[in-house]
Amino acid sequence: MNLPKNNSGAGNMKKGLILFIVMSLITGITSAQNFNDALRLSENGISLNAKALGMGNAFISRLSGVSSSQFNPAAIAFAKKAQFDASLDFNSLSNDATLFGNKVNGSQSSTTFNEVGVILPVPTIQGSMALAIGYNQNKNFNKILSFSGFNSGNNSMIQDLVSGNDDLAYDLALSYPIYDANNKYLNDVTEINGNLTQSAKITSDGGINNWYLSGAVEIEKDIFVGATLNLLSGSFNKTRIYTEEDTQNYYKSTLLLDPLEPKSADFQSFTTTDVVKWDIAGWDFKLGLIAKINEQVNVGFTVRVPRTYTIKETYSVSGRSKFGTGTTWNAQYDDSKIEYDVTAPAEYSAGASYAERNFTLSGEIKLVDYSSMEFSSGFDGFTRDEKNRDIKDLMRSTININAGGEYLIPNLGLALRAGFMMMPSAFKDDPSEYDKKFITAGLGYNLTKGTQLNIGYAYGWWEDFGDNYGSGISRTFQKISVCNFTTSLKFNF
1164 MNLPKNNSGA GNMKKGLILF IVMSLITGIT SAQNFNDALR LSENGISLNA KALGMGNAFI
1224 SRLSGVSSSQ FNPAAIAFAK KAQFDASLDF NSLSNDATLF GNKVNGSQSS TTFNEVGVIL
1284 PVPTIQGSMA LAIGYNQNKN FNKILSFSGF NSGNNSMIQD LVSGNDDLAY DLALSYPIYD
1344 ANNKYLNDVT EINGNLTQSA KITSDGGINN WYLSGAVEIE KDIFVGATLN LLSGSFNKTR
1404 IYTEEDTQNY YKSTLLLDPL EPKSADFQSF TTTDVVKWDI AGWDFKLGLI AKINEQVNVG
1464 FTVRVPRTYT IKETYSVSGR SKFGTGTTWN AQYDDSKIEY DVTAPAEYSA GASYAERNFT
1524 LSGEIKLVDY SSMEFSSGFD GFTRDEKNRD IKDLMRSTIN INAGGEYLIP NLGLALRAGF
1584 MMMPSAFKDD PSEYDKKFIT AGLGYNLTKG TQLNIGYAYG WWEDFGDNYG SGISRTFQKI
1644 SVCNFTTSLK FNF
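Under the numbering used here, the first residue of the sequence shown is numbered 1164, with each subsequent residue one higher.
Below you can see the structure in the form of structure tokens.
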């Protein structure tokens, strides 16, 4: 740990508190997990398979390929031949963020091999039965937020750190300790009083992967049941580089941020870098049923039991300050590590489809109670209960909607698809602008008698906001759009 200051007397007493403060810093860091982390794990991704994506993922009552293991495992019993599917997904996210009236765009993309698997029909005397095994990525953490704006208020990240006696500000000569008449340490103070340009770039990547085994059987004529066991693995990486600069020369060369340190004059900038890394493991189980009402109409139902995730988290933080005196201070701390479990909510879905000759319509709804998310282990009992109370106070139940249609052009071996998806915000009282909405389109083309190429596209949009510190005093307002372009190859053998 870098200790650049050499204050005498009372300053050395501050140094004597360094170990205690660093331990407090680490404790604070490891207690920072909250409802946003649980929600990140609980919300589903949108792209598994190009055919399904093109129809708005409305495949609870029909066969979409091996991705039916996730939509409704009962559907794999519809497969009459062995089938192999593989998919590649390109995801691009754009975020227009406004801070104090200034808009900055950030964009980031990723490409993932997001599905490979096989369906294997099992010979039966009557009815049908099938197994499926494979891999898919059910969630992509690709995200970016960039912003910059001048905060003319009397607040800043530096002041927020100092109010908590955070050692980072002290080590960067941005604050100093004060003492009572008996030379007993009271707290830290800073000469910083807002009026800084605040900017940041926050990026994340990674994903959650399913390794699954599914089985389905026709238990009686036109009634199909199935189940999928998912073993989950993955990673999440988030980096925040945050800067506050004196672009208006508000802090003059005559002002010392530490009265006992002559080099702390003429403050220029403060930068902190935070890195969060997750190693994710878990499991879930899904049950499905499909009933063929007649030759045209199918209805489907699924239940996904609560998912269980184990998170091994590593957190690192570092900082730098620059002064017009030519002095730069740096601080870096040892990584902190913590392990905890998150339980995502159960999901209940129902839907139906109608097929007439070359035309198919399909739709479904899904009920998810996000207030039932919880931190199921890790932390002390009081801290865990506090986090779970926040979830219940802030979150609500939602009903997701998926709908889509397909039209086949037989003479051309071509399928045209379109769809819509809506995922309402999990937060209570959020307006509709915060709901995630997607329009989708797709094509399917028969390359040979047993081989089909599918292309799916989705465009989504919603709004969001975020606080750099405090509540509402340094807030970004975000307009997010995302594009998914998925290509799949299906081969019957």
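Note that beta-carbon positions come from the ideal geometry of N, C-alpha and C, so glycine has one too.
Exposure of residue i, with buried meaning 16 or more beta-carbon neighbours within 10 Å
| i | result |
| --- | --- |
| Glu1569 | buried |
| Asn1521 | exposed |
| Leu1577 | exposed |
| Phe1656 | exposed |
| Ala1336 | buried |
| Phe1304 | buried |
| Gly1228 | buried |
| Ala1245 | exposed |
| Asn1314 | buried |
| Leu1575 | exposed |
| Asp1330 | buried |
| Asp1334 | buried |
Beta-carbon proximity list for residue i, same chain, < 8 angstroms, skipping 5 on both sides
| i | result |
| --- | --- |
| Tyr1472 | Leu1204, Leu1395, Ile1443, Ala1444, Gly1445, Asp1504, Val1505, Thr1506 and Ala1507 |
| Ile1636 | Gly1316, Asn1318 and Asp1630 |
Beta-bridge partners of residue i, as assigned by DSSP
| i | result |
| --- | --- |
| Arg1467 | Lys1449 and Glu1510 |
| Asn1631 | According to DSSP, which records beta bridges pairwise, Asn1631 is partnered with nothing at all. |
| Gln1641 | Ala1260 and Asp1627 |
| Ser1539 | The partner list for Ser1539 (beta bridge, DSSP) is empty, contrary to what the question assumes. |
| Phe1486 | Phe1430 |
| Arg1403 | Ile1365 and Asp1437 |
| Ala1581 | Gly1568 and Ala1604 |
| Phe1234 | DSSP lists no partner for Phe1234. |
| Ile1341 | Asn1350 |
| Thr1614 | Thr1611 and Phe1654 |
| Leu1294 | Leu1283 and Gly1378 |
| Ile1474 | Ile1443 and Tyr1503 |
| Gln1300 | Asn1372 |
| Ile1307 | Thr1366 |
Other residues of its chain near residue i: CB distance less than 6 angstroms, five sequence neighbours each side excluded
| i | result |
| --- | --- |
| Tyr1659 | With the chain covering only 1164 through 1656, there is no way to say anything about residue 1659. |
| Val1531 | Pro1508, Glu1510 and Thr1561 |
| Gly1191 | Legend: pLDDT at Gly1191 = 38, less than 50; position of this residue unreliable, value from coordinates given subsequently. No residues qualify anywhere along the chain. |
| Leu1258 | It is worth fixing the name first, because residue 1258 is Asn in this sequence and not Leu. Excluding sequence neighbours, Asn1258 sits near Gly1269, Ile1307, Leu1308, Gln1641 and Ile1643. |
| Leu1610 | Leu1616 |
| Lys1177 | For Lys1177, the pLDDT reaches just 35, beneath the cut-off of 50, and the residue's location in the model is therefore unreliable, leaving the point undetermined. |
| Glu1537 | Thr1506 and Asn1551 |
| Gln1495 | Ser1481 |
| Lys1475 | Asp1442 and Glu1502 |
| Ala1237 | Ala1379, Phe1387, Val1388, Gly1389, Gly1451, Leu1452 and Ile1453 |
Expected contact under 8 angstroms - CB spacing of residue i and residue j to nearest Å
| i | j | result |
| --- | --- | --- |
| Asn1317 | Gly1264 | With 8 angstroms as the limit, Asn1317 and Gly1264 do not qualify as a contact, their Cβ atoms being about 18 angstroms apart. |
| Asp1429 | Gly1487 | 3 angstroms |
| Phe1583 | Ala1566 | 5 angstroms |
| Thr1261 | Ser1311 | Not confirmed; about 10 angstroms, so no contact. |
Residue i: CB within 7 angstroms of a non-hydrogen atom of the ligand FMN
| i | result |
| --- | --- |
| Asp1532 | Within the structure as shown, the ligand FMN is missing, as the structure has no ligands at all. |
Would you call the segment 1292–1309 in contact with the segment 1263–1280, where contact means no fewer than 3 C-beta pairs closer than 8 angstroms?
yes
Does the segment 1407–1415 come within contact of the segment 1239–1254, defined as at least 3 CB pairs closer than 8 angstroms? Segments in contact, no.
Taking one C-beta from the segment 1211–1231 and one from the segment 1460–1476 each time, how about it: are there three or more such pairs within less than 8 angstroms?
yes
query: Can we say the segment 1384–1401 touches the segment 1342–1351, given the rule of at least three CB pairs closer than 8 angstroms?
result: no
Closer than 8 angstroms is the cut-off here; do at least three beta carbon pairs connect the segment 1253–1263 with the segment 1635–1646? yes
> Is the segment 1580–1597 touching the segment 1614–1630, taking contact as three or more C-beta pairs under 8 angstroms?
Replying inline: yes
Review point. At a cut of 8 angstroms, does the segment 1285–1292 reach the segment 1378–1393 through at least three beta carbon pairs?
Key: yes
Worksheet item: Is the segment 1199–1214 touching the segment 1227–1239 in the sense that three or more CB pairs, one from each, lie closer than 8 angstroms?
Response: yes
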